[in-house]
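One line per chain: the protein sequences are A and B, in this order. According to full-length UniProt numbering, the stretch in the first sequence is residues 1 to 159, in order. According to full-length UniProt numbering, the stretch in the second sequence is residues 1 to 159, in order. Okay, so here's the structure we're looking at.
2 protein chains.
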Amino acid sequence: MDSMGIMARKPTAADQALRLDNQICFAVYSTAHAFNRVYKPLLDRLGLTYPQYLVMLALWERDDVAVKDLGERLFLDSGTLTPLLKRLEAAELIKRTRSTADERVVLIALTPQGHALREKAKAVPQSILAASDCTVGELMAMKDEIVALRDRLNAVLGE
Amino acid sequence: MDSMGIMARKPTAADQALRLDNQICFAVYSTAHAFNRVYKPLLDRLGLTYPQYLVMLALWERDDVAVKDLGERLFLDSGTLTPLLKRLEAAELIKRTRSTADERVVLIALTPQGHALREKAKAVPQSILAASDCTVGELMAMKDEIVALRDRLNAVLGE
DNA sequence: TCACATTTAATTGTTCGCAATTGAATCCGC
DNA sequence: GCGGATTCAATTGCGAACAATTAAATGTGA
Numbered sequence: 001m002d003s004m005g006i007m008a009r010k011p012t013a014a015d016q017a018l019r020l021d022n023q024i025c026f027a028v029y030s031t032a033h034a035f036n037r038v039y040k041p042l043l044d045r046l047g048l049t050y051p052q053y054l055v056m057l058a059l060w061e062r063d064d065v066a067v068k069d070l071g072e073r074l075f076l077d078s079g080t081l082t083p084l085l086k087r088l089e090a091a092e093l094i095k096r097t098r099s100t101a102d103e104r105v106v107l108i109a110l111t112p113q114g115h116a117l118r119e120k121a122k123a124v125p126q127s128i129l130a131a132s133d134c135t136v137g138e139l140m141a142m143k144d145e146i147v148a149l150r151d152r153l154n155a156v157l158g159e
Numbered sequence: 001m002d003s004m005g006i007m008a009r010k011p012t013a014a015d016q017a018l019r020l021d022n023q024i025c026f027a028v029y030s031t032a033h034a035f036n037r038v039y040k041p042l043l044d045r046l047g048l049t050y051p052q053y054l055v056m057l058a059l060w061e062r063d064d065v066a067v068k069d070l071g072e073r074l075f076l077d078s079g080t081l082t083p084l085l086k087r088l089e090a091a092e093l094i095k096r097t098r099s100t101a102d103e104r105v106v107l108i109a110l111t112p113q114g115h116a117l118r119e120k121a122k123a124v125p126q127s128i129l130a131a132s133d134c135t136v137g138e139l140m141a142m143k144d145e146i147v148a149l150r151d152r153l154n155a156v157l158g159e
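Take a look at the structure:
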């Protein structure tokens, strides 16, 4: 077969598909890391990691919600969220309380400091926009495509 | 200001930008996780995690390379790669050897088993393609856009 | 009512991902 | 040569991410 040797061989479609450059998943994976690195210095000023920032974004839209609800919005499970939320509570940005109606449920609420942090966070998106060197319209179009892809992937998982 | 209270308030552009739905970074982040979950059962059969699969993809294209070279291709550093490569070595898929020319450098080479695994891996991309429910053309177009975004983000980091 | 299934968070263990540091090897200017 | 800067991989420590399990609370059917 000489698949690794000196002899020339016409690359098959399967060969091409295994090329790193051709993989959309690697494109998405490496772009996620690039975003993370761009966010890092901005979020350091807020005392947040990127996943913590996502949790705060979700809570600024709606708080007093169960861990499960937060997990569904962020596509994360309790194994990830429980320790992360404990760190946010230690930072006094949120408060965790058992629901009285259903004691299995832990409700997450913002503290005054948690609410207040939103003002400081408003500067973040425009810094990212600048770093992306794109227009808002371009980014939103891309975002819609990527979300559509994500939702199709998640649909397969749900089967 | 009543930013959290009952009074209605016209959402500003900054408010809109903080919405989770509007964030391309969250779209990318959550899509990366969705890919990971789709890959998981496929890669389990190969005995690889997703990052390990990426390393193998890179090595199938070119091996006998330094850790640093691998890191540049995958956008990862030695803190991530060193333990990952040790696990691949333990699985006998790669061999790590110090370069004789420059003893700081560790060269990564595929073992026969490492080469052989490529044949089994050929089935993976088409399964992903099916899960994405897209045409190859659509995916490649998206990939190019995302890579362009990644490269602009990385360019800002390099400044 | 009571057994049994389901739901919800928390926990445990493994693997990334990265910042910061370390230590060895190499390079470079003088 | 020699000394300091640089390069490279490894290490340490922390924070995700997730599978699998646990434990408690709740729901359901006979």
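Where a beta carbon is used, it is the ideal one built from N, C-alpha and C, also for glycine.
Quick check on residue i - is its C-beta less than 8 Å from some C-beta in chain B?
{"i": "A:Arg150", "result": "yes"}
{"i": "A:Arg98", "result": "no"}
{"i": "A:Met4", "result": "Reliability of the predicted coordinates at A:Met4 is poor, the pLDDT of 48 falling under 50, and no value is obtained from them."}
{"i": "A:Ser78", "result": "no"}
{"i": "A:Ala66", "result": "no"}
{"i": "A:Lys95", "result": "no"}
{"i": "A:Val19", "result": "The sequence shown places Arg at residue 19 of chain A, rather than the Val named in the question. At least one chain B Cβ lies under 8 Å of A:Arg19."}
{"i": "A:Thr135", "result": "no"}
{"i": "A:Ala27", "result": "yes"}
{"i": "A:Thr31", "result": "yes"}
{"i": "A:Glu103", "result": "no"}
{"i": "A:Glu92", "result": "no"}
{"i": "A:Arg45", "result": "no"}
{"i": "A:Arg37", "result": "yes"}
{"i": "A:Pro125", "result": "yes"}
{"i": "A:Leu139", "result": "yes"}
{"i": "A:Leu153", "result": "yes"}
Identify which residue in the options has its Cα closest to the Cα of residue i.
{"i": "A:Leu48", "options": "A:Ala101, A:Ala131, A:Ser78, A:Arg118", "result": "A:Arg118"}
{"i": "B:Leu93", "options": "B:Glu138, B:Asp133, B:Ala66, B:Met56", "result": "B:Met56"}
{"i": "B:Asn36", "options": "B:Tyr50, B:Lys143, B:Gln23", "result": "B:Tyr50"}
{"i": "A:Cys25", "options": "B:Asp77, B:Tyr29, B:Lys10", "result": "B:Tyr29"}
{"i": "B:Val147", "options": "A:Thr31, A:Leu18, A:Pro11, A:Thr12", "result": "A:Thr31"}
{"i": "A:Ala13", "options": "B:Leu157, B:Leu149, B:Val136, B:Val156", "result": "B:Val136"}
{"i": "B:Asp77", "options": "A:Asn154, A:His33, A:Leu85, A:Arg150", "result": "A:His33"}
{"i": "B:Leu139", "options": "A:Leu153, A:Cys134, A:Met140, A:Leu129", "result": "A:Leu153"}
{"i": "B:Leu88", "options": "B:Arg73, B:Lys10, B:Gly114", "result": "B:Gly114"}
{"i": "A:Pro11", "options": "B:Glu145, B:Lys122, B:Gly158", "result": "B:Lys122"}
{"i": "A:Val38", "options": "A:Leu129, A:Leu74, A:Ala27", "result": "A:Leu129"}
{"i": "A:Arg116", "options": "A:Gly79, A:Leu74, A:Met142, A:Leu59", "result": "Correcting the residue identity first, residue 116 of chain A is Ala in this sequence and not Arg. Nearest C-alpha to A:Ala116: A:Leu59."}
{"i": "B:Phe75", "options": "A:Lys40, A:Lys86, A:Gly79, A:Ala27", "result": "A:Ala27"}
{"i": "A:Asp151", "options": "B:Arg19, B:Leu18, B:Cys134, B:Lys40", "result": "B:Cys134"}
For residue i, which residues in the same chain have their Cβ closer than 6 Å to its Cβ, ignoring the five residues on either side in sequence?
{"i": "residue 204 of chain A", "result": "Given a span of 1 to 159 for chain A in the structure shown, any question on residue 204 of chain A remains unanswerable."}
{"i": "B:Asp63", "result": "Ala109, Leu110"}
Given 7 Å as the limit, tell me if residue i has its C-beta closer than that to any heavy atom belonging to the ligand MG.
{"i": "B:Asp102", "result": "Ligands in the displayed structure: none, and consequently the ligand MG is not present."}
With a 10 Å radius around its C-beta and 16 neighbouring C-beta atoms as the bar for buried, classify residue i as buried or exposed.
{"i": "A:Pro125", "result": "buried"}
{"i": "A:Asp21", "result": "exposed"}
{"i": "A:Asp102", "result": "exposed"}
{"i": "A:Gln16", "result": "exposed"}
{"i": "A:Ser132", "result": "buried"}
{"i": "B:Ala90", "result": "exposed"}
Using a C-beta cutoff of 8 Å, does residue i count as contacting chain A?
{"i": "B:Gln52", "result": "no"}
{"i": "B:Lys10", "result": "no"}
{"i": "B:Lys122", "result": "yes"}
{"i": "B:Leu70", "result": "no"}
{"i": "B:Gln113", "result": "no"}
{"i": "B:Ile108", "result": "no"}
{"i": "B:Arg145", "result": "Note on identity: in this sequence residue 145 of chain B is Glu, with Arg being the wrong assignment. For B:Glu145, the answer is yes, since a Cβ of chain A falls inside 8 Å of its Cβ."}
{"i": "B:Leu157", "result": "yes"}
{"i": "B:Glu89", "result": "no"}
{"i": "B:Leu57", "result": "yes"}
{"i": "residue 176 of chain B", "result": "With chain B covering only 1 through 159, there is no way to say anything about residue 176 of chain B."}
So, for residue i: in the same chain, excluding its five sequence neighbours on each side, which residues have a beta-carbon less than 7 Å away from its beta-carbon?
{"i": "A:Ser127", "result": "Leu42"}
{"i": "A:Thr111", "result": "Glu92, Leu93, Ile94, Lys95"}
{"i": "B:Leu81", "result": "Val67, Leu70, Gly71"}
{"i": "A:Val156", "result": "none"}
{"i": "A:Leu149", "result": "none"}
{"i": "A:Leu84", "result": "Pro51, Gln52, Val55"}
Short of 8 Å in beta carbon distance, which residues of its chain neighbour residue i, apart from the five on each side in sequence? Order them along the chain.
{"i": "B:Arg45", "result": "Lys120"}
{"i": "A:Val105", "result": "Ala66, Val67, Lys68, Arg98, Ser99"}
{"i": "A:Glu61", "result": "none"}
{"i": "A:Arg73", "result": "Ala58"}
**OP:** Ignoring anything shorter than 3 residues or poking outside the region 65–151 of chain A, list the beta strand (DSSP E) runs there in chain order.
**Re:** 94–98, 106–110
Original post:
Counting only runs that start and end within the region 21–67 of chain B, where is the alpha helix (DSSP H) found for 4 or more residues in a row?
Top reply: 24–44, 50–61
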